[in-house]
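In the UniProt record's numbering, the protein residues as written are 1 to 239.
We treat Cβ as the ideally placed atom computed from N, Cα and C, and that holds for glycine.
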Amino acid sequence: MFDSEGWKPAVWREQLSNISTMRQQRDAPVDTMGCDVISDVTAAPEVYRYQVLVSLMLSSQTKDQVTSAAMARLRQHGCNIDNILATSNTKLGELIYPVGFWKRKVEYIKRTSEVLQSQYKGDIPDTVHQLCELPGVGPKMAYLVMKCAWNRTEGIGVDTHVHRISNRLGWVRKPTKHPEETRKALEDWLPRSYWPDINHLLVGFGQQTCLPVRPRCENCLNVSICPAAQTSRNGTKKQ
């Protein structure tokens with residue numbers, strides 16, 4: 001929970017404002033190929049929610065461009081529970097290849113679809129706990145599904161971008177090693193009103209400016225107030 005009297009990063013509001021300014025164009029891959037964009041908003045609500053879930057399952061360890069192309073093939077094939085269950089594993093693999101760990105994801109999608117049909121009347125669960133019980137779904141994915149599919153913010157979805165940037169900016173009280181650890185650290189201090197948009201904002205920032213390797217600090221408005229940028233200037237490698 002947010003502790004109004006507890007620790008907070010000293011200049012987080014300025015850092016976040018700068019990131020918002022840099023993200024004004026909304027032209028990062030996540031803006032045009034995010035899970036909410038590549039799912040069919042004209043489909044029945046339960047089908048749209050299913051597609052959001054599938055797109056997030058595909059997105060793990062996969063670039064947005066590859067996920068978007070795979071979802072386009074799935075939608076053309078017919079991306080609903082009944083049709084996916086009627087599709088052979090071989091065909092499903094052909095449709096989603098070359099997403100990361102595609103063979104494993106074929107199994108996850110099939111098993112998840114079976115659970116949704118038998119236990120949730122062809123819809124997806126509406127709690128983080130139930131979503132995390134589905135094959136291949138972890139906390140990061142579950143929080144994003146809740147936000148994008150159910151329009152409910154239950155927590156912060158922390159992927160590798162959010163994890164990396166939070167550590168570089170000093171948004172965690174002490175360095176974190178795993179995204180779930182970062183999520184808990186962020187939720188301890190970040191006001192809840194910022195939770196709905198923080199993933200989308202930071203993911204795009206991570207795709208365009210705060211890159212995993214060779215971040216474009218020279219183009220970043222936070223260069224003078226970013227601990228990692230200052231460390232880099234002193235000759236130490238960024239996290």
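Boundaries of the alpha helix (DSSP H) in which residue i is found, first to last residue
i: E187; result: P179 to W189
i: F205; result: W195 to Q208
i: V52; result: P45 to S59
i: N167; result: T160 to L169
i: Q15; result: W12 to M22
Sequence-distant residues of its chain with Cβ nearer than 6 Å to residue i (five each side left out)
i: P29; result: D64 and Q207
i: C217; result: V223 and A229
i: residue 243; result: The first residue shown for the chain is 1 and the last is 239, placing residue 243 beyond what the model contains.
i: I38; result: S55, S68 and M71
i: V203; result: V30 and H161
i: T112; result: L134 and P135
i: residue 243; result: An answer regarding residue 243 cannot be provided, because it is not within the stretch 1 to 239 covered by the chain.
i: T231; result: none
Sequence-distant residues of its chain with Cβ nearer than 7 Å to residue i (five each side left out)
i: T90; result: none
i: V41; result: Y48
i: Y185; result: Looking at the sequence provided, one finds Ala at residue 185 rather than Tyr. Counting only Cβ-Cβ distances below 7 Å, and skipping sequence neighbours, we find V172, R173 and T176.
i: N219; result: T209
i: D126; result: W150
i: F205; result: I19, M22, R23 and I165
i: G138; result: C132
Nearest-angstrom Cβ-Cβ length linking residue i and residue j, presumed shorter than 8 Å
i: I124; j: M57; result: Not really, about 11 Å apart at Cβ, beyond 8 Å.
i: M146; j: V128; result: 6 Å
i: G34; j: S60; result: Rounded, the Cβ-Cβ distance is 14 Å, inconsistent with contact.
i: C226; j: R168; result: 6 Å
i: L116; j: I81; result: 6 Å
i: A43; j: Q51; result: 7 Å
i: P9; j: G155; result: Between G155 and P9 the Cβ distance is about 19 Å, and since that is not below 8 Å, they are no contact.
Collapsed DSSP secondary structure at residue i in the structure displayed
i: D64; result: helix
i: L221; result: coil
i: P29; result: helix
i: D82; result: helix
i: G93; result: helix
i: C132; result: helix
i: residue 260; result: The displayed coordinates of the chain run from 1 to 239. Any statement about residue 260 would go beyond what the structure contains.
i: Y108; result: helix
i: K174; result: coil
i: A142; result: helix
i: S113; result: helix
i: L74; result: helix
i: K8; result: coil
i: C226; result: coil
i: K103; result: helix
i: S232; result: helix
i: C148; result: helix
i: S39; result: coil
i: R216; result: coil
i: S118; result: helix
Close beta carbons around residue i, own chain, < 8 Å, minus the five adjacent residues each side
i: G6; result: D188 and W189
i: E114; result: L85
i: W102; result: G93 and I96
i: L144; result: C35, L56, G157 and N199
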